[in-house]
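What follows is a short report on a single structure.
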Amino acid sequence: MIRILVIDDHPAVREGTKAILETDSEVEVDCLEPPYTAELMKKIDFLQYDAVLMDMNLGDVNGIELAKQITSQEHQCKVLLYTGYDVNDYMEEAISLGIHGVISKTESKEKILSHIRHALLGEIILSFDYVKKLIERQTLKSPSMKEANEPLTDREKMILMEVERGLTNQEIADKLHLSKRSIEYSLTSIFNKLHVSSRTEAVLIAKSEGIL
1 MIRILVIDDH PAVREGTKAI LETDSEVEVD CLEPPYTAEL MKKIDFLQYD
51 AVLMDMNLGD VNGIELAKQI TSQEHQCKVL LYTGYDVNDY MEEAISLGIH
101 GVISKTESKE KILSHIRHAL LGEIILSFDY VKKLIERQTL KSPSMKEANE
151 PLTDREKMIL MEVERGLTNQ EIADKLHLSK RSIEYSLTSI FNKLHVSSRT
201 EAVLIAKSEG IL
């Protein structure tokens, strides 16, 4: 029997996921209702679960921060981000926290269970697009001197401020009335100028240098 805990602030998603997955006789699903707090995470016995499907945006709570509370505890339960957003930009940070990957809410029951079973074997769930971008980013890791000496533009500073607030690329694009592709290009430029390879590093360096 595979026991799964779903953490999502939308009742329809919680109950819908439970109903779909429990059509498999080998699966049992519990749903955790809000409000979600670090204190609540400490009270839950995660030893009884094999996997947690964690939404990234839980109202005022950042799902990755909440997942950090879970992965810091001593148990074998695997945490997977369960979201409708493109969270590839957060994968490096997520994996470093012990999160085993991302599952899209649009996936079929078979795909979701397949991902979970791979995670239970200790495998990390990564999309082809993420791995491709990771390789491409490595080729851009050494920026030219001209680009390295350039200050961040006002737009790049605005984008970095939204990154600090935990917004996804799509959310930043919507807020700043830009395309998602523009946000991706701007983040690549920011990473090159700051000599970093992740969103977290970019924010930390920007703060240390007084940019934010």
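In full-length UniProt numbering, the protein residues as written are 1 to 212. Ideal placement from N, C-alpha and C gives every residue a C-beta, glycine not left out.
**OP:** Determine the closest residue to residue 47 out of 60, 65, 39, 71, with distance taken between C-alpha atoms.
**Re:** As a first step, residue 47 is located in the sequence shown; it is residue number 47 there, counting from the start. Answer by Cα proximity: 71.
Original post:
Using a threshold of 6 Å, is the CB atom of residue 166 nearer than that to any non-hydrogen atom of the ligand COA?
Top reply: Judged by which ligands are present, the structure shown has none, so any question about the ligand COA falls away.
Original post:
Okay, do the segment 54–61 and the segment 147–161 touch, 3+ Cβ pairs below 8 Å being the bar?
Top reply: no
**OP:** May I ask you to verify whether the segment 72–80 touches the segment 176–184, counting CB pairs closer than 8 Å and requiring at least 3?
**Re:** no
Original post:
What number of angstroms, rounded off, separates the C-alpha of residue 215 from the C-alpha of residue 127?
Top reply: Here the chain has residues from 1 to 212 only, and residue 215 is not among them.
Original post:
Run through DSSP, which three-state label would residue 104 get?
Top reply: As a working note, residue 104 is residue 104 in the sequence shown. Reduced to three states, the DSSP call for residue 104 is strand.
**OP:** State buried or exposed for residue 1, treating a residue as buried only when at least 16 other CB atoms are found within 10 Å of its CB.
**Re:** The residue labelled residue 1 in the question sits at position 1 within the sequence shown. Flag for residue 1 reads exposed.
**OP:** Measure the C-alpha to C-alpha separation of residue 39 and residue 172 and round it to an integer number of angstroms.
**Re:** The count along the sequence shown starts at 1 and reaches residue 39 at position 39. The count along the sequence shown starts at 1 and reaches residue 172 at position 172. One C-alpha to the other measures close to 30 Å.
**OP:** Using only alpha-carbon positions, find the residue among 196, 24, 153, 35 that is nearest to residue 11.
**Re:** Within the sequence shown, residue 11 is the residue found at index 11, counting from 1. Comparing Cα positions, the closest option is 35.
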